[in-house]
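Written out below as structure tokens is the structure these notes cover.
Chains as they are written, first to last, in the numbering used here: chain C, 295 to 635; chain L, 134 to 473.
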């Protein structure tokens, strides 16, 4: 990966009061290259969605962000909200988990497109607006005959196609898709994913795909990042991560998937930590089968592996930073049933 | 694609009016008939010879069987004949034309004030939720809603009429204006504009301000609360966030997307509140000595003139029905999901 279009540097997003904030995203760095498809996976509540929204500056009231989101040489976190707003649409797009309620029920599909195009390209003629809208909708499989219809006349899958078209009509360089198929049935899910996987070919758009579904990542992503408790545990090319997961959490996450050969379902014991008061040291140590003594004392240091992967785990060193004798297995009580989610 | 078009919806809605009106008319008829005592006797006063009472009863058809009376009553309404009052022998059509115009003027401006105040204060309060503006708006809404119209009216008369002496406290216009004004529509305000007599217009507006504000503010309280809560709700809606994600300007997100959606339920409640407003009209007209049909209704009620009472209540009922249809039509035009 040479030319990153978006660089996230040490991004932190905190919710709530300054005294006891929820650290939803806690020092995340991530690069996304031109036309690259990056999968972002992790359990519910690990900060995936917050990271996705934080990139676009779309955080709820009361959230505070610091760090850097560099796009085109500018730091979005430090930019005035109005300037970030102007970039949403033409530069950065976002599609959501729930397509049923994402279109204004009082407006026709055509109104949504006209509004979006006129907001960012006020000089367009009506004919041009219509041509570009229909062209983008057509690529998403929505026929021109339905352009003047209202949102309630479409199914969930079709609404998600419309949402994707609405995001792509301005040709953004990066599209963040926040669990875009979670609320759709499997057939429709496949269709939507095929559309998203084709983005780089059809539109040259990079994609950050936030999902629970590891199968989707394996199939359609170039690189993947595994998030745990507000941090990226492991990040690298999909092939390498799947073949040989470097972080114990990634390994357990991959083991938890179901395939035709699955006889017993594996689950990671325990529950994701509370982000107001996360465990000291490595945040995964209470659930980690390989935890060492160092893991509950010192925060792990990011290591780069030979194949270009990044991993946040003491198993990969640096060994000189592990105190004498702290490489021994961590002794602790067994995880009680009550601690499991 | 939904099955029915807008036109089918409107026709269905209109057809439903027939049973609705029939039930209403029947209720008015029965309610007045079950009231105890002989209404003719009561209306004419205590010491009238029985022969004369029978004569009046016969003339008005009250000696016929109830079912025949009911049939006659419906048939007369269909022909547009609402009857004649017993006490002063006035045709109801004349009452509607003369007093109805005054009531229309008052109700129209009261509703206008209610909608403007209610929606504007509600939108601001909802947009700036939990700020001092919001708290002041809510407090204002509760106070005007909880205050009875006659009390609010009396206070307004005291402050603006008596202490400050800015505004008249009674009647629709000064005697001079009433004497000079040419009648075109019976609505004073329209007649004054028609003739271009601006002095008269100013006089009429001054008379209108206190009663219309008194009547309007009662309903404004409901609109403030409803608009506010709807704005708060729609601002959290998913399509609002989606519009922001497309970089739509914040002002447009709030004013166009959120406010428009927030006002859909308000339209319905505006219609429903007309019934409450017509109740308030009776009190307000009496307080301000306003020569409308609400004022007349009180007089006929006191005199137990139930031909007058029945006629006026039927008119009120028909107005409420007409407005409810109007509201349904408006809703269907604004919200495409309503056309079932």
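Ideal Cβ placement from N, Cα and C applies to all residues, glycine included.
Residue interval of the alpha helix (DSSP H) (run including residue i)
i	result
residue 152 (chain L)	150 to 167
residue 413 (chain L)	392 to 420
residue 270 (chain L)	265 to 279
residue 239 (chain L)	225 to 260
residue 462 (chain C)	450 to 462
residue 394 (chain C)	Where residue 394 (chain C) is concerned, there is no enclosing alpha helix (DSSP H), given that its DSSP letter is neither H nor E.
residue 185 (chain L)	183 to 193
residue 485 (chain C)	480 to 491
residue 427 (chain C)	420 to 433
residue 209 (chain L)	199 to 211
residue 407 (chain C)	403 to 414
residue 176 (chain L)	172 to 177
residue 380 (chain L)	That residue, residue 380 (chain L), is in no alpha helix (DSSP H); it is neither H nor E in DSSP.
residue 347 (chain C)	342 to 349
residue 555 (chain C)	Neither: residue 555 (chain C) is in no alpha helix (DSSP H) and is coded neither H nor E.
residue 426 (chain L)	426 to 435
Beta-bridge pairing of residue i - partner residues as DSSP gives them
i	result
residue 309 (chain C)	C:316 and C:357
residue 686 (chain C)	Any answer about residue 686 (chain C) is impossible in this case: the structure gives chain C only from 295 up to 635.
residue 326 (chain C)	C:300
residue 369 (chain C)	C:364
residue 448 (chain L)	Looking at the DSSP assignment, residue 448 (chain L) forms no beta bridge with any residue, so it has no partner.
residue 625 (chain C)	Its beta-bridge partners do not exist; DSSP assigns none.
residue 598 (chain C)	C:604
residue 500 (chain C)	C:468
residue 382 (chain C)	C:386
residue 217 (chain L)	L:224
Length of the line joining the Cα atoms of residue i and residue j
i	j	result
residue 618 (chain C)	residue 585 (chain C)	16 Å
residue 368 (chain L)	residue 440 (chain C)	28 Å
residue 429 (chain L)	residue 250 (chain L)	29 Å
residue 352 (chain C)	residue 377 (chain L)	8 Å
residue 164 (chain L)	residue 443 (chain L)	10 Å
residue 347 (chain L)	residue 145 (chain L)	38 Å
residue 432 (chain L)	residue 419 (chain L)	10 Å
residue 632 (chain C)	residue 563 (chain C)	In this predicted model, residue 632 (chain C) has a pLDDT of only 46, less than 50, meaning its place in the structure is not dependable enough to derive any value.
residue 382 (chain L)	residue 455 (chain L)	40 Å
residue 370 (chain L)	residue 331 (chain C)	29 Å
residue 373 (chain C)	residue 359 (chain C)	12 Å
residue 307 (chain C)	residue 525 (chain C)	11 Å
residue 342 (chain L)	residue 231 (chain L)	20 Å
residue 174 (chain L)	residue 156 (chain L)	28 Å
residue 423 (chain L)	residue 460 (chain C)	57 Å
residue 343 (chain C)	residue 389 (chain C)	11 Å
residue 280 (chain L)	residue 350 (chain L)	9 Å
residue 422 (chain C)	residue 330 (chain L)	53 Å
residue 454 (chain C)	residue 475 (chain C)	8 Å
residue 271 (chain L)	residue 549 (chain C)	56 Å
residue 318 (chain C)	residue 377 (chain C)	25 Å
residue 355 (chain C)	residue 469 (chain C)	23 Å
residue 554 (chain C)	residue 487 (chain C)	21 Å
residue 375 (chain C)	residue 599 (chain C)	38 Å
residue 226 (chain L)	residue 207 (chain L)	16 Å
residue 634 (chain C)	residue 625 (chain C)	Note on residue 634 (chain C): pLDDT 48, under 50, position unreliable in the model; no value is reported.
residue 574 (chain C)	residue 363 (chain L)	44 Å
residue 335 (chain L)	residue 410 (chain L)	25 Å
residue 295 (chain C)	residue 327 (chain C)	Annotation note: pLDDT 47 at residue 295 (chain C) (below 50); position unreliable, coordinate value reported separately. Answer to the nearest angstrom: the Cα atoms are 6 Å apart.
Residue range of the unbroken beta strand (DSSP E) whose run includes residue i
i	result
residue 472 (chain C)	468 to 472
residue 525 (chain C)	525 to 531
residue 389 (chain C)	386 to 389
Integer-rounded CB distance, given that residue j should sit under 8 Å from residue i
i	j	result
residue 278 (chain C)	residue 521 (chain C)	Residue 278 (chain C) lies beyond the residue range present for chain C, which begins at 295 and ends at 635; the question has no answer from this structure.
residue 304 (chain L)	residue 314 (chain L)	Contact flag wrong, Cβ pair sits at about 13 Å.
residue 504 (chain C)	residue 473 (chain C)	6 Å
residue 500 (chain C)	residue 323 (chain C)	At roughly 17 Å, the Cβ-Cβ gap does not stay under 8 Å, so residue 500 (chain C) and residue 323 (chain C) are not in contact.
residue 591 (chain C)	residue 612 (chain C)	That pair is no contact at about 15 Å.
residue 234 (chain L)	residue 318 (chain L)	7 Å
residue 408 (chain L)	residue 453 (chain L)	5 Å
residue 490 (chain C)	residue 471 (chain C)	6 Å
residue 465 (chain L)	residue 143 (chain L)	7 Å
residue 427 (chain L)	residue 414 (chain L)	4 Å
Proximity test, Cβ basis, 8 Å: residue i and chain B
i	result
residue 381 (chain C)	Annotation note: the requested chain B is absent from the structure, which comprises protein chains C and L.
Segments of 3+ residues assigned as beta strand (DSSP E) that fall wholly inside the stretch 273 to 354 of chain L
Listed in chain order, there is nothing to give.
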